[in-house]
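The numbering used here puts the sequence shown at residues 10 to 258.
Below is one structure; the comments refer to it alone.
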Amino acid sequence: MKLDHTRIPHSILVVEDEEDIVNLLVFHLEREGYRVQSCSSGTSGLQHALEDLPDLIILDIMLPEMDGLQVCRRLRSNPKTQTIPIMILSARREELDKVLGLELGADDYMVKPFSVRELVARVRAMLRRLDPGIPSKETTRDDEAVLVLGDICLYPERHQVLVRGEVCELTHKEFALLNLLMANAGKVLTRDVLLQRVWGYETEIDTRTVDVHIRYLRRKVEEDPAHPCYIETIRGVGYRFARAESLKP
Ligand code: CA
């Protein structure tokens, strides 16, 4: 008998103190078939997340008791919650620079006022990436797909990256970016292409987001992030992962 995994509803935790926004999100997300819980303060949101381990968290920055940045940091530092996708809500674009600048590891963000339709579409895309699906066959280590370039090994199925033999912790977005760049090694990918393929929807986010994520990725995989040898910047165009033959063995 086959289990129909698509029928298990994903659970979403909304942490937001503005009642109107909570009601709007709950209404639209439940209509999509998700199970939705909400908390109106940072502390209750954090507690709820740790107890219930939702599949995804929508987190506002401005919250009573403990702000969303602190909540995000705590979630990311706890092994139980560190891989739960987080979408940050913010009233001001400037706050987002702080969010990204602090490398809190949020997976996505939206600036208020946002389009609920777009938010729901992004949530759907984030949750889809979570579902590994049912494997079609047993994969053994021998036939497991792996991308090896220089001293970076990327295992698409395991969602794991080894850099110089060490496990490298990447966020979902960083992993997707690296995967795409490595799979296209030697080719220039424009910022627009990267946005579309990694973020996965028609977006109004400016392409600077790509630059920010590339910067974090370089810090994690390059030996000297100031002089990257893997991820090259092609000025005015985009990025390119170096060809295998140009990397030292
Ligand atoms: Ca708020």
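Even glycine gets a Cβ: it sits at the ideal position worked out from N, Cα and C.
This structure is a prediction, so every number in the text was calculated from the model and none was measured.
Where residue i falls: helix, strand or coil (DSSP)
| i | result |
| --- | --- |
| His91 | Residue 91 is actually Gln in this sequence, not His. In the structure shown, Gln91 sits in coil (DSSP, three-state: anything other than H, G, I, E or B). |
| Phe123 | coil |
| Met191 | helix |
| Arg44 | strand |
| Ile240 | strand |
| Ile223 | helix |
| Glu231 | coil |
| Ser50 | coil |
| Leu113 | coil |
| Ala81 | Note that residue 81 corresponds to Cys in the displayed sequence, not to Ala. Three-state DSSP puts Cys81 in a helix. |
Residue i Cβ short of 6 angstroms to ligand 1 heavy atom set
| i | result |
| --- | --- |
| Glu103 | no |
| Met75 | no |
| Met71 | yes |
| Glu166 | no |
| Asp64 | no |
| Asp26 | yes |
Local Cβ density within 10 Å of residue i, reported as buried at 16 or more and exposed below that
| i | result |
| --- | --- |
| Ala253 | exposed |
| Leu59 | exposed |
| Arg150 | With a pLDDT of only 43 at Arg150, under the threshold of 50, the placement of this residue in the model should not be trusted, and no figure is reported. |
| Ile143 | Residue placement at Ile143 is poorly supported in this model, since its pLDDT is 35, which falls under 50; the coordinates still yield a value, given next. Exposed, because fewer than 16 other Cβ atoms sit within 10 Å of the Cβ of Ile143. |
| Ala100 | exposed |
| His236 | exposed |
Beta-carbon gap between residue i and residue j smaller than 7 angstroms
| i | j | result |
| --- | --- | --- |
| Leu55 | Arg83 | yes |
| Cys177 | Lys229 | yes |
| Gly245 | Leu198 | no |
| Val129 | Glu25 | no |
| Pro94 | Asp116 | yes |
| Leu190 | Phe123 | no |
Strand pairing of residue i, partner residues [DSSP]
| i | result |
| --- | --- |
| Thr199 | Gly247 |
| Asp274 | The structure shown does not extend to residue 274, since the chain is modelled only from 10 through 258, so no value can be given for it. |
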